[in-house]
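Student:
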Amino acid sequence: MERRKLILKRKSLKLAVILAAFVLLTGIGGSWASYSNTVQIRNPLATEKSGVELVENFNPNSTFLPGETVEKKPFFRNTGELDLILRVKVLESWKDSQGNPVTTNPPDTEKVSKNWTDSWKTDWFLVGDYYYYKHVLKKSGSEGSVTEDILKSLTLSPEVSNDHHDYDYSGLVYELKFTSDAVPADSLSLDSWSGQINGENTKGIAFDWKGLLAP
């Protein structure tokens with residue numbers, strides 16, 4: 001899977017940073033397909049008529065300095081022939097130069113600020129570990145087949161420098177990952193989510209497909 005790197009430099013400090021290679025894992029109707037930001041499908045089964053891709057605007061040759069901001073504007077797009085309901089889990093971690101997660105005294109992921117859009121704050125709602133899209137993601141080519149941008153940019157803390165950091169970030173890799181599920185926009189398909197989402201944990205939340213949920 002392709003990984004895009006941003007090189008972080010300050011004086012003698014050099015950090016290799018992967019900022020949101022944005023791995024998207026999407027389950028459609030019980031069959032799984034894996035996409036990266038280049039939409040590489042590892043398992044193409046059951047994706048002919050249904051699919052979601054994550055699209056982003058990103059310059060892979062950007063440099064990234066402590067205290068600076070890198071523009072990232074990802075959004076989701078329905079590429080199939082079915083209307084879908086979408087949910088997304090956001091995961092972030094630091095990895096070593098070999099791509100292994102740093103688990104012993106892990107560095108602070110809050111050193112990278114996620115500058116979310118207003119749409120992320122208003123068009124999505126959190127239940128458990130997932131953010132649910134409030135609208136039906138319409139079939140490809142239809143109005144409503146794409147979401148608004150969910151992220152504006154990422155900012156690396158100025159504390160990650162030779163002069164300020166208490167943790168040695170040299171050679172570490174930051175990764176932001178979106179793991180998502182999508183099901184057809186009908187009550188039968190939504191039954192598979194009934195254990196995670198119900199009337200109690202969505203009380204007071206307005207969303208377009210609420211009527212499809214079992215009472």
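The sequence shown maps to residues 1 to 215 in the working numbering. All C-beta atoms, glycine included, are put in the ideal place defined by N, C-alpha and C.
Would you grab the beta carbon distance between residue 207 and residue 125 for me? Rounded to a whole angstrom, and I think it's under 8 Å.
Tutor: Confirmed, about 7 Å.
Student: Would you kindly check if the distance between the Cβ of residue 173 and the Cβ of residue 95 is under 7 Å?
Tutor: Yes, Cβ-Cβ distance for residue 95 and residue 173 is below 7 Å.
Student: Taking C-beta to C-beta, are residue 123 and residue 89 nearer than 7 Å?
Tutor: In this structure, residue 89 does not lie closer than 7 Å to residue 123 by Cβ.
Student: Alpha carbon to alpha carbon, how far is residue 119 from residue 153? Give it in angstroms, no decimals.
Tutor: Going from the Cα of residue 153 to the Cα of residue 119 covers about 14 Å.
Student: Looking at the structure shown, is residue 210 part of a helix, part of a strand, or coil, going by DSSP?
Tutor: Three-state DSSP puts residue 210 in a helix.
Student: Report the three-state DSSP secondary structure of residue 134 (helix, strand or coil).
Tutor: In this structure, residue 134 counts as coil in the three-state DSSP scheme.
Student: Can you give me the start and stop residues for the beta strand (DSSP E) that residue 116 sits inside?
Tutor: Counting along the chain, the beta strand (DSSP E) containing residue 116 begins and ends at 112-116.
Student: Nearest to residue 91 by alpha carbon, out of 200, 199, 146 and 177?
Tutor: It is 177.
Student: I need the straight-line Cα distance from residue 204 to residue 98, nearest angstrom please.
Tutor: Taking the straight line joining both Cα atoms gives about 46 Å.
Student: Let me make sure I understand the geometry here. Which of 133, 202, 175 and 72 has the alpha-carbon closest to that of residue 100?
Tutor: Cα-wise, what sits closest to residue 100 is 175.
Student: Tell me which same chain residues have a C-beta within less than 8 Å of the C-beta of residue 191, skipping the five on either side of it?
Tutor: Closer than 8 Å at the Cβ level, and outside the excluded window around residue 191, lie 214.
Student: Counting C-beta neighbours from all protein chains within 10 Å, is the total for residue 74 16 or more, i.e. buried, or is it exposed?
Tutor: Classification of residue 74: buried, given that the 10 Å Cβ count is 16 or more.
Student: Going by beta-carbon coordinates alone, are residue 136 and residue 209 separated by less than 7 Å?
Tutor: Contact: yes.
Student: Name the two residues that bound the continuous beta strand (DSSP E) containing residue 126.
Tutor: It spans 124-127 - the beta strand (DSSP E) in which residue 126 sits, taken as one unbroken run.
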